[in-house]
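In the numbering used here, the protein residues as written are 5 to 319.
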Amino acid sequence: MIRQYLGDSVDLFSVIGAGVTVFVAFKVAISLFRFITTHFLASTLGLPANLKNAGSWAVITGCTDGIGKAYAEQLAAKGLNVVLISRTLSKLEDMAKEVESKYKVETKVIAADFSREDIYDGIKLKMNGLDIGVLVNNVGCSYEYPEYFGEVEEADFSQKMIHMNCTSVAMMTEIVLPAMVAKKRGYVINIGSSAGFKPAPLLALYSGTKGYVEMFTRSLYHEYIGRGVTFQYVAPYFVVSKLSKFRRTSLMVPSPNAFVRNALKTVGVQAYTTGYWAHDVQRFVHSFMPASMSMSMMQGARKKALKKKAAAKSQ
Ligand SMILES: NC(=O)c1ccc[n+]([C@@H]2O[C@H](COP(=O)([O-])OP(=O)(O)OC[C@H]3O[C@@H](n4cnc5c(N)ncnc54)[C@H](OP(=O)(O)O)[C@@H]3O)[C@@H](O)[C@H]2O)c1
């Protein structure tokens, strides 16, 4: 029947069909190979970078909780001294004591509010002279709940988020990069988000800031890989933390420690990663999801959050 209409062109369609099938099968096989190698075989094959070789200090922003705390502790466990930078001095001092006694490394604490832009001269001065091999630009903030951009009530919302999620990444990188380039060794790990992968309606500014982190980091990767400095972009899905408001772990929502254990194995292996094996699976599914579907899911989440807020107000 088809041949009656299309004649010999049906053979051409078969060839195109076979070609597409082979191409897709090849792409799937490569992705599967990468997924297994990165998340399950990297350590056995000795692929992850030896971060201690790049310098004796690691710097972590937003380090007293969640993902940043896990990076700080796990880098200290590898024998790196750590510069701990966060907002609250008392939390930093408690953490420094704990890290020093548990991992027998040196620490330096810097209290700084990354929602401001006048903090970097002070940070630079306090880190002067340290042999910094690793920078983890982790500090970041998101929305209290999904909301229309024009209806967010928080004061200075845009300015604070742009300073925390964007300015911090560029400025901290600017501070450590010259010395890393001079010694031709260094790792800069920038924490983005799955919200930067595709449009995230009702989290528009967060999505935009993380999209910036992705392009900034991936561009720098190509600029500096030949000069000895490795940039890595890490884009997690949900991880248990105050920011995510997830309190319990599940297959798809790891603890910060489990997440970072997996993510550190990808340094030197992948320039771009979700950081966690189950998040790679989520990213694959997410890649097929239209933004309109995200919008309706987020509208549901917004409704729920507004109800909760109203109930709390009336109590
Ligand atoms: N958790 C997730 O599901 C998830 C998913 C995707 C991406 N991410 C990204 O991962 C990064 C870390 O998120 P998280 O969930 O681990 O956060 P978190 O648990 O809320 O930890 C926040 C840390 O940042 C510090 N901090 C907050 N505001 C600060 C400010 N203005 N100045 C300096 N330090 C400040 C906090 O210190 P104080 O307590 O002293 O304020 C704390 O140490 C963020 O960039 C986030 O966008 C997280």
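Think of the CB as a built atom: it goes at the ideal place given N, C-alpha and C, for glycine as much as any other residue. Owing to the predicted nature of the structure, the values given are computational and were not obtained by experimental measurement.
Beta bridge counterpart(s) of residue i as assigned by DSSP
| i | result |
| --- | --- |
| Trp281 | Looking at the DSSP assignment, Trp281 forms no beta bridge with any residue, so it has no partner. |
| Phe27 | DSSP, once it has assigned bridges, lists no residue as partnering Phe27. |
| Ile195 | Val238 |
| Asn141 | Asn194 |
| Phe250 | Ser245 |
| Asn85 | Trp61 |
| Thr111 | Val86 |
| Ile136 | Trp61 |
Contact under 8 Å by Cβ, residue i with residue j
| i | j | result |
| --- | --- | --- |
| Ser298 | Ala204 | yes |
| Val173 | Arg231 | no |
| Tyr191 | Asn142 | no |
| Gly83 | Lys112 | no |
| Ile179 | Ile127 | yes |
| Gly50 | Gly137 | no |
| Met168 | Gly133 | no |
| Leu88 | Ile64 | yes |
| Gln78 | Val264 | yes |
| Arg222 | Tyr241 | no |
| Leu206 | Tyr152 | yes |
| Gln286 | Met256 | yes |
Sequence-distant residues of its chain with Cβ nearer than 6 Å to residue i (five each side left out)
| i | result |
| --- | --- |
| Asp3 | Because residue 3 is not part of the residues shown, which for the chain are 5 to 319, the question remains open. |
| Ala53 | Val271, Gly272 |
Ligand 1 heavy atom lying under 7 Å from the CB of residue i
| i | result |
| --- | --- |
| Asn54 | no |
| Leu247 | yes |
| Asp117 | yes |
| Cys321 | For residue 321 there is no data in the structure shown, the boundaries of the chain being 5 and 319. |
| Asp122 | no |
| Met301 | no |
| Phe242 | yes |
| Met184 | no |
| Arg4 | Lying outside 5 to 319, the shown extent of the chain, residue 4 is not represented and no answer is given. |
| Thr68 | yes |
| Pro203 | no |
| Gly23 | no |
| Ser198 | yes |
Cutoff 7 Å; reference residue i; Cβ partners in own chain excluding five residues on either side
| i | result |
| --- | --- |
| Lys95 | Thr68 |
| Ser162 | Leu209 |
| Ala100 | Leu88, Thr111, Val113 |
| Asp117 | Arg91, Ile123 |
Close-in-space but distant-in-sequence residues of the same chain around residue i (CB under 8 Å, 5 per side omitted)
| i | result |
| --- | --- |
| Lys313 | Tyr149 |
The region 148 to 159 touching the region 62 to 77, judged by at least three CB pairs closer than 8 Å: no
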